[in-house]
Each structure stands twice: as structure tokens, then as C-alpha cells.
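Trainee: So the working numbering is basically just the index in the sequence shown, starting at one, shifted up by 13. First, the structure itself, so that you have it in front of you.
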Amino acid sequence: MPVKKYCSYTGCRVLLPENIQYCEKHAKVKQQDNRRRNRKYKQQRNDQKEQHFYKSEQWECCRQSAIVFYFGMDIYEYYTTGRIAEGYTAHHIVELKEDWSKALDVNNIIYLTESNHQLIHEKYKKSKKQVQRLLYEMILRFYEEFRVGV
């Protein structure tokens with residue numbers, strides 16, 4: 014008999030297969046709540062300059078260059094676990110709010126999976142300079158091992 018669980022919406026007692034989080038009714042409600050929350054969050058952000066930059070054609074071109082450069086893979090994952098994972102997010106090692114001049118510097122961008130991107134931001138809170146140094150070392154190692162950019 015397959016494992017069942019309750020809908021994750023508070024107070025809902027609809028039984029669902031364990032791989033489904035919300036019943037149909039509450040999935041729509043949750044989706045609307047998320048959209049409303051995201052819209053409000055975006056309106057209240059203080060980094061409008063950065064957000065406009067990330068929508069620019071220049072950034073998209075630079076991002077695509079980084080994807081091609083790293084063969085579309087997350088080199089952080091590759092050097093920490095040995096596994097090849099497809100990247101999803103182009104991450105500025107030195108963030109825009111620290112140094113705007115590095116915004117379009119491909120050597121300042123590393124391509125990451127979303128989970129590693131979140132992990133790196135968590136590590137930045139503890140020791141940003143050390144993590145940045147580690148990421149630059151990984152890029153250098155990648156250059157040397159794959160003879161990229163030579």
C-alpha cells in the first residue's frame with residue numbers, strides 16, 4: 014500500500030501520495046500567496062540598480078559567456094564532491110554592491126547550481142573573503158586543468 018500524508022496546508026486533512034505537497038485546492042492558494050509575496054518583496058527591495066542590471070542585455074551576454082566558459086557545469090560542485098552538475102545561476106564572486114566595476118568581468122563570475130549558490134551565500138555570512146579566495150582558486154584550477162582561455 015502506498016504511503017499517504019496530509020495536505021501541507023494548515024488544517025487540511027486531504028490524504029495525498031507522499032510526493033505531493035498540497036491538494037489541488039490549496040496548491041492554487043499557495044501559488045497565489047507566493048506570487049503576492051514575491052511581488053511585494055520585489056517592490057520593497059533596496060537594490061533596484063542591481064535588479065535592473067540583471068535584466069540588461071549586457072548581463073545576459075556576460076552570463077552566457079560564463080555558461081559557455083564553464084561548459085555549463087557547476088565547478089564548485091565538481092571540485093568539492095567530484096560530481097558533474099549542470100549549473101543554473103551565474104554568481105558574482107565579488108558582489109555588485111562591493112565593486113560595481115566587476116559587474117561584467119567574466120573572471121568574477123562562477124556558474125553554480127541553485128543549491129550551491131544558496132550555500133555560498135550562507136558561507137559568505139561567516140567568512141566572505143575566505144570563500145571568495147576559494148572560488149577564485151577553483152576558477153584558476155579549472156583554467157589550468159581544462160586549458161580554458163589559453
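The beta carbon of each residue, even a glycine, is placed where N, CA and C say it ideally should be. Computed from a predicted structure; not experimentally measured.
Taking Tyr124 as part of the beta strand (DSSP E), name the residues at either end of that continuous run.
Mentor: Its beta strand (DSSP E) spans residues 122 to 125.
Trainee: Does Met151 come out as helix, strand or coil in the three-state DSSP assignment?
Mentor: In this structure, Met151 counts as helix in the three-state DSSP scheme.
Trainee: Is the beta carbon of Ala103 closer than 8 Å to that of Ala79?
Mentor: Yes, they are a contact pair.
Trainee: Any idea what DSSP makes of Glu111, helix, strand or coil?
Mentor: Correct three-state label for Glu111: coil.
Trainee: I need the boundaries of the beta strand (DSSP E) containing Thr102, first residue and last residue.
Mentor: Note, Thr102: beta strand (DSSP E), 102 to 105.
Trainee: Determine whether the beta carbon atoms of His105 and Asn129 lie at a separation below 8 Å.
Mentor: Not in contact: His105 and Asn129 (Cβ atoms no closer than 8 Å).
Trainee: Specify, as a first and last residue, the run of the alpha helix (DSSP H) that Tyr89 falls within.
Mentor: Run containing Tyr89: 88 to 94, per the alpha helix (DSSP H) assignment.
Trainee: Tell me the DSSP secondary structure of Leu28 in three-state form.
Mentor: Looking at Leu28 - three-state DSSP - the assignment turns out to be strand.
Trainee: Please state the DSSP three-state secondary structure of Lys68.
Mentor: Coil, per DSSP.
Trainee: Express the C-alpha separation of Cys20 and Pro30 in angstroms, rounding to a whole number.
Mentor: Cα to Cα, Pro30 sits roughly 9 Å from Cys20.
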